[in-house]
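Numbering (the working numbering), first residue to last: 74 to 343. Don't be surprised by glycine CBs; every beta carbon is placed ideally from N, CA and C. Notes to accompany the following structure.
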Amino acid sequence: MSPIMLRRNFCNEGEERMKRKVLAVSLAVIFIFIGLLLQIYADTPSYNEWSGGTTNVPLFQVNREPAHTTLVPYADSQTALDAIRADITDPNMPTGIRADSTYLKSLNGIWKFNLVSKPGLEPANFFQVGYDTSNWNDIKVPGNWQTQGFVPGNLVAQIFDYPMYCNTTYPWTHWQSPSASTGTTPTTYNPVGCYQRIFTLPDNWSGRQVFISFQGVAAGFYVWVNGNIVGYSEDSMSPADFNITNYVHPGDNTLAVKVYRWTDGSWIED
């Protein structure tokens with residue numbers, strides 16, 4: 074997974090200026106920032122979005138924020154100007170993202186990780202607070218599980234999820250040949266990775282809106298915070314932001330992500 078970001082917004086009525094805080098993680102990078110509230114209600118995913126959904130209208134996102142440029146919040150304009158002059162960067166952050174703001178926290182690093190060979194085999198309720206991941210593997214985020222030696226379900230069997238490079242055929246045709254005309258998602262072999270970690274929300278971020286931003290996840294994923302479903306997104310190469318203000322609290326928070334290697338959108342990404 075690529076970097077993830079959390080961001081926070083002021084939601085007080087009458088505020089002339091909106092500020093942002095950012096928290097950064099790696100599956101993708103996470104930023105928390107203060108800014109405009111763009112979403113006032115939340116939908117509930119059906120958990121079938123990855124395979125095309127249950128309606129005639131294909132869904133590629135649920136509760137995802139509108140796209141925007143990369144933003145890093147600062148306490149005031151002078152602090153922002155000083156940071157620009159200093160040109161402080163973090164090699165673990167995506168290009169153009171600064172790590173010198175007190176409103177930015179990186180979640181890059183080691184996560185707990187579980188990999189299975191196809192949908193339906195992933196551990197149930199792994200997103201719940203207190204779920205025991207002590208027998209899970211560690212994985213570096215950002216990073217690809219295919220290049221970190223992971224085996225779906227059974228490490229002893231050495232059934233790796235192979236890196237694939239195709240330019241004339243779809244990468245799943247070795248296992249299955251679903252219909253391209255209907256966009257059916259591969260199910261015979263379609264590795265699913267479950268990620269979990271704990272992050273701490275800074276005390277001085279209270280009273281602001283918090284967003285999480287994934288800087289790229291292939292090919293589709295669901296995200297939970299403290300056991301609550303937040304949303305879903307497809308589009309392997311683009312950032313995806315979610316408003317998690319209603320799901321976080323001061324102190325420790327549980328973040329969980331389920332990633333599908335292929336979705337119905339993979340037909341147009343190959």
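| Asked | Found |
| --- | --- |
| Trp218, DSSP secondary structure in three states | helix |
| Continuous beta strand (DSSP E) stretch holding Gly324: start and end | Gly324 to Tyr333 |
| Exposed unless 16 or more other CB atoms sit within 10 angstroms - verdict on Glu342 | exposed |
| Reduced DSSP secondary structure (H/G/I, E/B, other) of Trp278 | helix |
| Candidates Gly203, Thr143, Leu188 and Thr142, of which the one nearest Asp325 by Cα | Gly203 |
| Distance CB(Pro264)-CB(Asp234) smaller than 8 Å | yes |
| Residues that DSSP places opposite Glu307 in a beta bridge | Gly293 |
| Test item: CB-CB of Arg318 and Gln282 under 8 Å | Note that residue 318 corresponds to Thr in the displayed sequence, not to Arg. Cβ distance < 8 Å, so Thr318 and Gln282 count as in contact. |
| Sufficient close CB pairs (3 or more, under 8 Å) joining the stretch 206-223 to the stretch 176-191 | yes |
| Proximity winner among Gly280, Glu307 and Gly300, relative to Ala291 (alpha-carbon distances) | Glu307 |
| Burial state of Asn316, where buried means 16 or more other Cβ atoms lie within 10 Å | buried |
| Beta carbon of Trp218 nearer than 8 Å to that of Gly280 | no |
| Paired residues, beta bridge with Asp211 - DSSP | Lys185 |
| Endpoints, the beta strand (DSSP E) within which Ser174 is located | Careful: Ser174 lies outside any beta strand (DSSP E) and carries neither H nor E. |
| Gly266 - partner residues in DSSP beta bridges | Leu188 and Val332 |
| Contact under 8 Å by Cβ, Tyr268 with Ser190 | no |
| Simplified DSSP state of Asp205, which is helix, strand or coil | coil |
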